[in-house]
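The structure appears right after this line, and notes come after that.
Protein chains: 2
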Amino acid sequence: MDIILDRMVKYITFDPSNVKTSLTVAGRPKEFDEVDALSRAQELFWRQGYGATSTEDLLAAMGLRKGSLYHTFGSKRGVFVQATKQFGHEFLRALRQALQQGSDPLEVLCQTFRALADPSHAAAVAAKGCYFGNTLVEMATLDPEMQHLAAQGLMAVEQVFYEALSQAQQAGQLSQSADPRALARYLINLWNGLNISRRMYTPQDLIPIIETGLQVLV
Amino acid sequence: MDIILDRMVKYITFDPSNVKTSLTVAGRPKEFDEVDALSRAQELFWRQGYGATSTEDLLAAMGLRKGSLYHTFGSKRGVFVQATKQFGHEFLRALRQALQQGSDPLEVLCQTFRALADPSHAAAVAAKGCYFGNTLVEMATLDPEMQHLAAQGLMAVEQVFYEALSQAQQAGQLSQSADPRALARYLINLWNGLNISRRMYTPQDLIPIIETGLQVLV
DNA sequence: CCAATAATTGACCAATTGTTTTAGAATAGA
DNA sequence: TCTATTCTAAAACAATTGGTCAATTATTGG
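Taken in sequence, the protein lines are chains P and U. Numbering-wise, the first sequence is residues 666 to 883 according to our numbering. Numbering-wise, the second sequence is residues 666 to 883 according to our numbering.
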């Protein structure tokens with residue numbers, strides 16, 4: 666992958682004499698799909714965290730042998746870094762699509778929070794919670810770089826919230842005196858709180874918490 | 666300890682013929698203070714979590730040899746359980762004292778949250794965060810019993826919040842239509858959120874989040 | 001002093017950890 | 001076909017993991 670990317674860069678940037686360079690490269694081709702393998706890793710890290718996931722766990726889930734994993738990703742941590750980055754891209758793309766497409770972004774925003782108290786959603790995702798939040802808590806005292814990566818993810822979510830709130834304000838759904846940046850951060854904190862509270866309250870009990878939390882928007 | 670407790674129970678409940686039973690018992694006495702040792706363990710679990718703390722880490726911090734640790738606590742998990750219980754008792758005692766003693770419990774409650782954005786507090790505790798919240802996140806998918814223990818701790822905090830809010834309501838500081846139970850849970854969620862948000866924002870940036878979060882109380 | 005009990009010590013343990021190595025297999029380009 | 005390159009497979013690795021054990025030491029009560 667890196668090799669091909671490297672070639673792509675050269676392909677585009679080099680002078681015309683090199684245009685004929687192939688995008689592929691000599692050598693045995695990969696027998697697995699990197700994106701797919703990272704998705705499996707993602708799932709494990711999401712459910713169990715980094716420390717509680719062993720390399721053997723990863724190998725089994727990704728369908729790889731040690732050689733392939735270490736050749737491609739360098740280390741267990743390397744898998745974690747790439748899986749986390751991939752999750753970030755996927756999650757943010759989906760979130761942006763949900764919040765930017767509807768005609769009423771404020772309503773979609775509220776529904777996004779309310780969905781966290783939906784029992785069906787609860788069964789599927791609540792056990793895992795927020796990938797960023799989990800990683801941030803686990804890595805905070807162990808790996809500053811990973812902590813930063815997780816924090817970056819959440820700040821990107823903040824940005825999406827901010828854009829939705831700005832849009833709502835321009836549409837007159839939000840008081841002109843409201844501060845969309847401050848509200849976005851407040852909502853991130855509500856989000857983060859629910860990542861923990863979900864594990865101690867029933868979906869039923871989460872509803873009033875969410876409604877009280879969203880009160881500041883109306 | 667268990668032995669002495671057992672003797673204490675017998676001492677109190679048995680018929681007078683057994684009153685002479687000593688509270689101590691034959692055998693070599695413990696050379697370390699259990700409460701103190703658990704405090705050291707607590708500190709480690711708090712900072713690094715359970716998985717990232719090895720038995721060797723524990724032995725070094727607690728000043729014990731393997732034999733003593735396993736004789737007294739049974740397992741690494743046993744240390745975790747007891748350290749967590751001890752933390753719960755200590756933390757809740759301190760919190761109750763802070764909230765129940767002042768003449769203005771609502772004000773103390775707000776100050777408790779504002780303290781989370783105090784840089785000096787940040788340096789000391791923010792890196793570790795909330796023991797209950799951290800444990801809840803880590804144990805949620807690994808150890809249901811420990812998850813329950815951590816959740817219990819947070820629900821006890823909820824109860825302390827509830828009592829402060831009820832008191833404030835009776836004193837007329839809170840609208841009669843307010844629901845102290847719902848507000849207490851909302852505040853627990855604010856608390857839980859800050860346990861994660863603290864790791865991505867500066868203390869400066871936490872302030873408006875906290876103030877917005879406390880807005881529902883006025 | 002003796003028997004019973006309990007705590008400490010240090011050696012020992014099997015299993016698992018993340019990682020490396022070495023040999024071979026599969027491809028592209030010359 | 002030869003060479004360079006990349007990927008895979010399997011074995012081997014040292015280190016660390018959480019935990020056990022037998023022998024010894026310290027205490028209480030009779």
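Note that beta-carbon positions come from the ideal geometry of N, C-alpha and C, so glycine has one too.
is_contact[Leu781 of chain U, chain P] using C-beta, thresh 8 Å: no
Beta-carbon proximity check, Gln747 of chain P vs Leu807 of chain P, cutoff 8 Å: Judged by beta-carbon spacing, Leu807 of chain P lies beyond the 8 Å limit of Gln747 of chain P, meaning their Cβ atoms are not closer than that value.
Contact list for Tyr851 of chain P against chain U, beta-carbon separation under 8 Å: Chain-order list of chain U residues neighbouring Tyr851 of chain P: Pro873, Ile874, Thr877, Gly878, by C-beta distance under 8 Å.
Close beta carbons around Arg864 of chain U, own chain, < 8 Å, minus the five adjacent residues each side: Ala791, Gly794
Sufficient close CB pairs (3 or more, under 8 Å) joining the segment 723-739 of chain P to the segment 696-715 of chain P: yes
DSSP state of Cys775 of chain P mapped onto helix, strand, coil: It is helical.
Contacts that Met811 of chain P makes with chain U (C-beta to C-beta distance below 9 Å): Within 9 Å Cβ-Cβ: nothing; Met811 of chain P doesn't reach chain U, min ~11 Å.
Val690 of chain U classed as buried or exposed, judged by whether at least 16 other C-beta atoms fall within 10 angstroms: exposed
Within 8 Å, strictly: CB atoms of Leu882 of chain P and Phe826 of chain P: no
Residue environment, Gly739 of chain P, which counts as buried when at least 16 other CB atoms sit within 10 Å: exposed
Simplified DSSP assignment, three categories, for Gly739 of chain U: coil
Neighbour flag for Met865 of chain U against chain P, beta carbons, 8 Å: yes
Residue-level contact to chain U via CB, Glu708 of chain P, 8 Å cutoff: no
Extent of the continuous alpha helix (DSSP H) to which Glu696 of chain P belongs: Careful: Glu696 of chain P lies outside any alpha helix (DSSP H) and carries neither H nor E.
Gly798 of chain P, DSSP secondary structure in three states: helix
Residue-level contact to chain P via CB, Ala805 of chain U, 8 Å cutoff: Between Ala805 of chain U and chain P, the shortest Cβ-Cβ separation is below 8 Å.
Pairwise C-alpha distance: Ser785 of chain U and Thr867 of chain U: Each residue's Cα considered, the two are about 12 Å apart.
Below-8 Å beta-carbon distance, Arg705 of chain U vs any chain P residue: no
Members of the segment 707-728 of chain U that neighbour chain P once the beta carbon cut-off is set at 8 Å: Taking 8 Å as the upper bound on Cβ-Cβ separation, chain P lies near residues Arg712, Gln713, Gly714, Gly716, Ala717 of the segment 707-728 of chain U.
Contiguous alpha helix (DSSP H) assignments of at least 4 residues, all confined to the segment 823-867 of chain P: 845-862
Chain-ordered chain U contacts of Val802 of chain P [CB-CB under 9 Å]: Gly714, Gly794, Gly798, Asn799, Val802, Glu803, Asn860, Ile861, Arg864
Under 7 Å from the C-beta of Ala847 of chain P: neighbouring residues of chain U: Within 7 Å of the CB of Ala847 of chain P, the CB atoms of chain U belong to Pro873, Thr877, in sequence order along the chain.
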